[in-house]
Every structure is written in structure tokens, then in C-alpha cells.
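Number 1081 marks the last residue of the sequence shown (the UniProt record's numbering); no jumps.
Positions of the beta carbon are idealized from the N, C-alpha and C atoms, including for glycine.
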Amino acid sequence: AFELFTLPTQVDISSPFWTKLKESDFFILQQAKTQKSGLMRSVLGTLQNVLDTKQSPYRILFKRANNTNLQLAVAETEKRADIAWEWININILPLLDSLDNDEREPFVVTKINSIVTRRDSGTDEISTDEKVRKASRSFRQTFDVSPSERLVNYYSCAYHTSRFTSQGWLYISENYLAFYSFLLGYETKVLIELKNIQDIKKERSKRGVFPDAIKVILKDKAEHFFSNLFKRDEVHETLVQLTGLAMQRVLKNASTYCPTSNNTTEKAETIHQFMQPLKTDLAAQKRDERFRAFFRLPLSEHLVTSIQAEDHQGSGKLDLSEAYLTFSDEIQFQRVMPLYTIRRVEKVADRPETYSVKIVNWHHAESIFHLSGNKNDCEKFSSALTNNLKNQIKHMKMMKQFLKTCPSEAVITENGLDLVPGGLGLTFGFPGDPKKLKEKSKMKLWKQYFEENGRNLTLSKTPHFSKLIRVGLPNKLRGEMWEVCSGSIYERFMNQGLYNQILEENKDKTSFSLEEIEKDLNRSLPEYKAYQQTDGIDRLRRVLVAYSWKDPELGYCQAMNIVTSAILIYMSEEQAFFTLGTLCDDLMPGYYSTSMYGALLDQIIFEHLLEKTMPKLHQHFKETDIQLSVACLPWFLSLYINSMPLLFAFRILDCFFMEGPKILFQIGLAILKINGDELLEATDDGAFMNILKQYFNNLDSPLYPDSDNPKAKNLTKFNELLLVAYREFSGITDEAVRELRQTHQLKVVAGIESFTKRSAVRNIANTGGLDKEELGVVYDKFQNALYYHQNEHTGMNMDTFEIFIGSLVSWAKTNAEDQQPDMKRQLKVAKNFICQLFKQFDTQEKQSVSLQDMVIGVGAIVKGDLNSQLELFFKLHDVDKDNFLDNDEILQLSETLLWIFRRTNDEEHLNSVSTFLQNAFEYSESKDNNKYLSLASLRMIVLADETLENFFDHGFSQSFQLTEKPIEQQKSLGREIFDNLLATGAKLAATTRPQLRTKSTDSSSITPSVATTTSPVLEEKEEEKSKETVKEEENEKKEKNDEIKHVIGEDSSDDDYDDDDLSPDVLEEVDRLLNEYSDDE
């Protein structure tokens, strides 16, 4: 009964769409009416589809004191509705008599809410948005998806095919894109898995007039076109976000969200909490990602609250997260204030008309913020800040020790800079001549900046900060400024001691990553003298090893050694460890993975930007078949470290950590633009590479060697490179790169997934007799089951195996009817059979099934003959493995057959199982007062029954469908709709022409005869023929209607309706609904 209850929702009882079945003092059981007129059935179904008012055919209402009603439960069948009705009569109704009128409704609502929230934790059934609850329920009723599948949003739209356009509803859930339409009796259903989407494009409607359409392209190149989307951009943005999440799960082999069951001993207030709609959660997730990316904060941070404010720099916005207070304005001023660096916050009254607060940080610098907004908003922000500050007090004691590792502290005190831990450069020297690099002048400028704008954890970034970075960082400050710009300094502060702890805990362990690291150590910047000695190699090894243990899923990937060896010149091991993590997780996601999908994605984006900014050069590369990625992929993977002299590569790194990934594209495009004329002369990859190599070797050459201007004479080709990158390609922003990554990421993942599948199928040692196409289906379904239902992907466990088998054979998949109380015994039998089949597939007894195991097991069934299938069933039921089936095992086998045959709907299979059971006991051998059946006897009994023989010979193997499930789409309309309308029109016209009236029929399926002048004999024959045809079609239609669940409800057997009349009350209701929803639509 609990499965039928819904959150109490007010409904209108006066609707003519419902009729009473049962009624008590406080409750009503109703059934949806169904018009016998085919046209009205179609019109009402279409109306409900358009207005999204689809209902289950049965519902239970609570009669409120104010003569309105609350819906408490819904059901698809009368039998199911009776279960809920009886439960209410036993558990709720007796208690209501003892309550006062004003106590009854709160009691019922609380009771039902408790049931629903206990049952549906983590689902939309307890969403705070009533519209989401209704739409989600409609979505899950229409499509075969998990009860825990959460709906993100739904939109009115049109779906286009080559033949027809249908108006309906587009549903977007966490794993699916779905469309449903019911138009004049015909359904259109489309269900698309988000992980199968390869591209999403904004389009114009079919006539090219309005920008209101989206085209979805799948990995199999199938296309789906949706138009009439008034919120097209919102739909596109949502789909891009969700497919991006799906992409990450595909790449990381992570499972989908699985709700955890609630403990029934939880407090009532916990049980009764409702959930925010998933749309709200996704919006918050997107907002948090943007917030963290802008301020380079740890992944643990979430935006709690914001408020407009003003300080001495100007107006801007204050943002608060769990551990950070940030401020940014419109002139590129940015300040991050970790709450653990704030000594005190106090309210000031320098402006009586405004709410002002003064913040004093660790370095005793004061900041005054004048908050904008009403008093309640200001008080709310202040209260949230106070609470979060209390939570961070415990971290303040870590400040003193941490600041000893920051060179900026020594710069201010002008004492002990050489004692601060740093990189290899302190021992082996930094690249470049300190005099030419003007190290002393740069240090003075930075000291002045620190004094005015804070340092390390309290540093503020002004426009002057960017200028200082671009002219090149001083060697002794470079490491600290890299981690300040990247945000890794916050991770290092919060995880002090973690680096050494990881090394200590894993010092005696070995892994594949460690073996790969050893191979690359001596190839890491061999030109730098530190890596020609043990000290430098050991430092590099420790950082790479520690990171491989910190992120074992990623481990180690080639090119990580190049980047790490470079940053170790300026950073301590601990600094490099956390900066490497920020690089891999935030700045360059997917670059250093086995598939390198991040680097491949950015190469596609780079080519796209080249085509957009330098179309002539792009066309030349295309015509001469020059592969841009041959040169440019190493640029991105090594951050230009392997491509240009180290001195200039570190200048690029300065800009990269400050600007983010966009600088990689800007520098790359500037290189191509500067060398554009020469590159247009290149005709192959070799010439292309030689031009770029020569350019990189001359980056230190004077740009104007013959100039009389001293400043111009000192400019080098590297200065020109930075100038072109920032001036010519300033339009490439972080937001533009983010959008391009979202646009192209699905194509990259589709390619990687396709390659992975081909490799996996190709490497299957034993194909089990399956052909290439069948192996592909097994692979897809195997991975699909893991994707949705399992966290660990080393092998498939028992629960996921059951779902996998259900995706192959219909008899293994349970539905609502199988979950009825009277089916408990049969469910137990089914579970036992699947469990034994799992053990049969698990040949190595590891409690998990690999892809190879699955191929062998499925192949043995699909390609097996009668004898092999008999042997399989015998083994699966021979629990004690004595090569005989005893009484219980024989009974178990017969129950298994009954379970498999449960949907055949004929007595033939039932009789065959009954006969089998009789023969099994008759022909089994007697031993110790028990009956035992051998395999030979089982074969003899089966061969004596044609139904069972056919089942074991080919029926069981053919039940395994190794073909892709076709996408559900609309049935062909065309003539059927015309016939439908014509039939009803003729019937209405017949009311004024009684001489032409024929026998009433269902107008949705019958094409009426056209009246013509014929002889009486022919007319009589035609009439007889017409009656026979009508009768046959009526029977067919009746059978079909028994199976189809209509949007309005199931056909009623009541005699209150006349086939020939369209009920006035229904027509009035249609008119009322149209008027009610006209404004909204």
C-alpha cells in the first residue's frame, strides 16, 4: 500500500472526468471516466497531453472540512487502489472519529507525509515543488526508468520526424532526455540516454524563422529535432551541463546517484524534510563551480550567500563560502580572505545610513565594507559570516607555522629569505642571469606591493598585480606566487603534513604507476643540472609517487614528469605536490589521464579558434594535410616547457597560473600568427615543424636590432609574442574556453568510448561463438549496467548482474505485478535462479563476473542446443552437486519454468509444467525414501513434451535478445487520423440523416463506407460484409484497449454513456480547462 501514496495535494472533485467507486465519511475512491467516443477519447487525451495533466486512472481523496479534497494515493488498477483503500480503513479511519474537526486534516497529512518521505528519500516524490512532483510522476509512468530517477525540468515543445511533427512535452532528468506526445489517439515516445549524446546544437525551427529549436545528435549518428522551445537557451544549457556530468562518469567509470535507504528510527523532523528540485541543485552546482573557478578556491567550497558592498576601491560584491570571504569589483580588483586569517570583525558607524563592517586580518590590515541592501539582508549576511568564522577558529593556530614556508613574509621583514624552504634553484641555481632579469628591482616592486595589498594568504589582486606578473616574477618569489595564483596555497594550508604522511604510509608499497615513473625520471629536463644528480631525481620521484598514491585512479601519466620537474625548480616538494593536484584537477582536467581527453579536447578547440581567427592559414593546413596537433599537442601537454627555452617557458607559466588555461590558446595562436607568412609556404609536417623550431630557438633575438631607441632595441621576439597574444587574442576569455569545452567535449568522449569498445571487443580471448555485432551488444549492456548501478567496476556483482540479465531477456525483468504480495514465492524462485546463473558465469568464484565471463556465459546459452540447455538447467538446480535432482530441486525447477512462462498467457505452458512435474516424480529413481532425477531422465521427460522440447531447443536461447533496443517513436499517422475524424464526422452527421445511420462503432479505428448508388443485392452483400468487418475490428479494438493505458484512464464498463452522444459536461470541462490554461500558455 505504501507504494501508492503521494504527498497530499489539493484537487478538484467536481471534474466530470471522475466517477466514485467507494466513499466513507472521510475518504473517496474515484476512477477516471473514459468516453466511448473515439474522437472524444483522442481529444481529451490530446488536451491532457498539451496541458500536462496526465493522471493515474484511480485515486483516493481525503474530504477536508472546507469542502475541498486532498489527493492521498493513486493507482493504475482497481486491485491496487483497493489495497490502499483497505489500509486506510484499517490504520487511519478508526482514529479520525476520536479527533476534532480541526485535528483530522493535520493528522492525515502528517501520516501520509511520513509514509512518502520514508519511502521516497532521494526521489522527486518529496520535492518541495508540487509541479515537479506531478511532472516527475508522469515521466516515470510514461517511460521505463528507475523510481529514483530525478527530473530536472520539463518543457512544452514539438518533435520532428521526416513525416510528422507532434506537440508534446520534453522531459530532462539526471540520466535521460525524453519526449512524450499524445495526439488524437496516437502516442509519440522518445527516450534518449544522456551518455549516448554526441552533440547538442542550437537551431532554428524547420522553416528557419525562429531560434527556438535544438538538434540532438547521438553517437550512432541518429538525430532528434525539437522545436517550439520558448526557453531554448535554458534547455541547451541544462543539457550541456548534464551531458558533461555524464561524460565525467563515463570517463571515470563512476556510477549514477543511488539513494540510500532511511533508517526507520530517525526522528520525525528528519523524515519529514522535503527535497529541493534537482533543477535547483544543478543551478547551485553550476554557480559554485563558477565561484570556485573565479577565485581559485578548493573544491570543498560552496557559495553560501552574497551581498553588494563598497570599499575604498569601489563597489562590488561580497561572497561567503564555508571557509572564505571574497570581494570583487568591476575594475578587476579581487580579494580572497580566508576566514582563518581574520582576527576580528566589528560593526562600524562611520556611515549612519549604511550597514558597515570592519575586518582585521592576520597581518593587521583593516578593510571596511559598506553593505548595500535592506537591514534584514545585511543582518543575515553578518550572521552567516559570524557562524562561519566560529567554524574556522580552530585553523588559526596553524598560521604561524605555515607562514614560515612563505618567502613573502621574509621579503617584508628583509630577514631570513634564504632560510625559507624552496625549490631546486636555491641549490643548483635558477635559469637566466639575475642582472639581466633585474631580480633586485623586481623584489623591490613586490615588497611595495605586499605592503600595500597584503601577501600570501591575505593578498589582494589589483590591476597592477597582473602587470607585475607579466613582466616576469623574481626567482625566489615565483613558487609562492604560482601557488597563490593557482589557489593551491589554500589546499596546502588546510592539509599541512599530508604530503609526508602519504609518503610514509606507502613507502613499502609498489604499483604500476611507480614502475612508469621510474622509466621517465631521467627524461625530465635533463638539460637542468639538478636532474643530472641524485638529489634532483629523488625530489621529482617523491612528488610523483606521492601524487600517484593521493589519486590512484589517475596515478601517473606521461608529461606529468615534465611539468613537475619544472615547478620543482621554484617550489618545495610540498608546494609542488599540491600545485600538481590543482593542475590535474582544476586548470587542466583530463590532460594527464590514460585517454588524455582534456588535451584532445583543447586541440579541437585550438583548431576551431584558428579557423575563426585565421581562416586562410587554417584552410592552407587543411589543403596540405598538415596536422596541427603534431606540434601543438606537446605545447599544451608540457605547458610549452619542452618547446621553448626554459627561461621563456617559465614566463609563460607565470601568465598561465594567473590567467588560467586561456593563455595556452592565446600564446599558441600568437605563435602561428607571427609565423603566418612562412607557414603558408609549408607543404608538409616536416616544414611546419622546422619553421616553429627555428622560431623558438630565436625567441631571445632582438625584435628591432637596428633601432636607435634603447627601449625598442631591448625588445625581443618573446616580448612580441606576449604582446600579440594579449592584444590580438584578448577575445579568448575563460568563459569562451569553458563554453567551447562544453560544446566539443561530447565528441571527444564519443571517440574515446568508441575506441575503448573496439579495443575491448578485439581483445576478448574467447568469443563464445558470438559474432562481432553480438559481442558489441553484450559489451554495451555490460557497461550500461555498471554505469547506472555499480560503483566499483573491477567486475559485476550479483545485484548488477540481475539488472544486466533483465536487459537481455524480458522474463528476468520484474514489473509492478511481480511485486504484489501474492508473488513473494515466485520472486524468491526468480532470485534463486538468477543467483545460480551468476555462480555459473562466475567461473573463478570471485563473487564478480568480468566481461570475458559474461561473453562465455551468454554465448553458451545463445549458441547452445537442446542438450546443452538441459544440462545448464540441471546444473543450476542441482544445488548439492550430486548429479541428481531430489524432490525439492525438481519442484524448484518446475517453479523456475513457471516463472519464465508467466507472461505467455496460455494454458499450454502451464499444462506442460504440470505434466513435467508428474512425470518427473514418476520416472525418478527411489533412494532413501526420496526421489532422484538424473539428467538422462530429465532429457527423456522433456523430449516427450513438444512445448518443453521447443523451449529448451530454441525458446530459451532466443529469449536472449542480442540486438539494440529500438527507440520508441510515434506510430505512422497519416490516413488513420483522417479516418478517425471522418468516422466521427459521419456519425454526427448521421443524427440528421437516419436513413444512412449504421451500427455504432469505435470511431478511432473504423473507416466508414462512402454512400453510393448500388443494386439491392449488392447493397445487402455490402451491408453484411460491413457488419462482419465492423465486428472483427470492434473485437480487435477491445483487445487492444485492454492492453493500452490511456492518458485519461482505462475503458469503463459502465452503461451510463451513449456511443452516439458527446457528453455536454465533458465538453464544458474541455472549454473550462482551455480557458484556465490559456493565459499560462
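By the 16-neighbour rule on beta-carbons within 10 angstroms, Met940 is exposed. The segment 910-928 and the segment 885-894 touch, with three or more beta-carbon pairs separated by less than 8 Å. Taking the Cβ atoms as the reference, Ile605 lies roughly 5 Å from Leu740, within the contact range of under 8 Å. Fewer than three pairs of CB atoms, one per stretch, sit closer than 8 Å, so the segment 817-824 makes no contact with the segment 771-786. Judged by DSSP in its simplified three-state form, Gly316 adopts strand. The alpha carbon of Gln448 has as its nearest neighbour, out of Leu403, Pro434, Leu468 and Pro431, the alpha carbon of Leu468.
With distances taken between CA atoms, His620 lies nearest to Glu678 out of Ala649, Asn642, Glu678 and Glu574.
Under DSSP, the beta-bridge partners assigned to Leu191 are Ala178. DSSP places Asp880 outside any beta strand (DSSP E), giving it a letter other than H or E.
In the same chain as Leu609, and ignoring 5 residues on each side of it, the C-beta atoms closer than 7 Å to its own belong to Phe665, Leu669 and Ile732, in chain order.
For Cys485, DSSP records no beta bridge to any residue. Note on the segment 511-541: whole alpha helix (DSSP H) runs with a minimum of 4 residues are 512-520, in chain order. Annotation for Asn919: the continuous alpha helix (DSSP H) segment containing it runs Glu907 to Tyr923.
Excluding its 5 nearest sequence neighbours in each direction, Arg651 has C-beta neighbours in its own chain below 8 Å: Gly472, Phe718 and Leu722, listed in chain order.
If you look at Gly168, you'll find it in the beta strand (DSSP E) that goes Thr165 to Ser173.
The shortest CA-to-CA distance from Ser957 to any of Ser181, Val484 and Ile900 is the one to Ile900.
Residue state for Glu946 is assigned as helix, using DSSP reduced to three classes. The criterion of a C-beta distance shorter than 7 Å is not satisfied by Ser850 and Asn797. Within the same chain, and ignoring the five residues on either side of Met614 in sequence, the residues whose Cβ sits closer than 8 Å to its Cβ are Leu669, Leu672, Lys673 and Gly676.
Residue state for Ala349 is assigned as coil, using DSSP reduced to three classes. Between Ala785 and Ile803, the gap from beta carbon to beta carbon is short of 7 Å.
Taking C-beta atoms as the reference points, Ala576 and Leu568 count as a pair closer than 7 Å.
Cβ contact annotation for Ala559 (same chain, cutoff 8 Å, sequence separation greater than five): Tyr591, Tyr592, Leu637 and Ser638, in chain order. In the three-state DSSP reduction, Thr800 falls in the helix class (H, G or I).
With fewer than 16 neighbouring CB atoms inside 10 Å of its own CB, Phe107 falls in the exposed class. Between the segment 391-406 and the segment 372-379, the count of Cβ pairs shorter than 8 Å is below three; the stretches do not touch. Taken through DSSP and simplified to helix, strand or coil, Val420 comes out as coil.
Taking C-beta separations shorter than 6 Å and ignoring five residues to either side along the sequence, the partners of Ala530 in its chain run Leu424, Phe428 and Gly536, following chain order. Contact annotation: Phe226 and Ile214 have beta-carbon atoms nearer than 7 Å. Per DSSP, Tyr499 has no beta-bridge partner at all. In the three-state reduction of the DSSP assignment, Trp362 falls in the coil class.
Following the DSSP letters along the chain, one finds Cys157 inside the beta strand (DSSP E) bounded by residues Leu151 to His160. When only Cα atoms are considered, Ile92 and Arg64 end up about 15 Å apart.
Excluding sequence positions up to five before and after Glu346, its CB lies within less than 6 Å of the CB of Lys358, all in the same chain and listed in chain order.
By the criterion of a C-beta distance shorter than 6 Å, Asp734 is surrounded in its chain by Gly660 and Lys662, once the five residues flanking it on both sides are discounted.
About 15 Å separates the beta carbons of Gly581 and Ser513, which is beyond the 8 Å limit, so they are not a contact pair.
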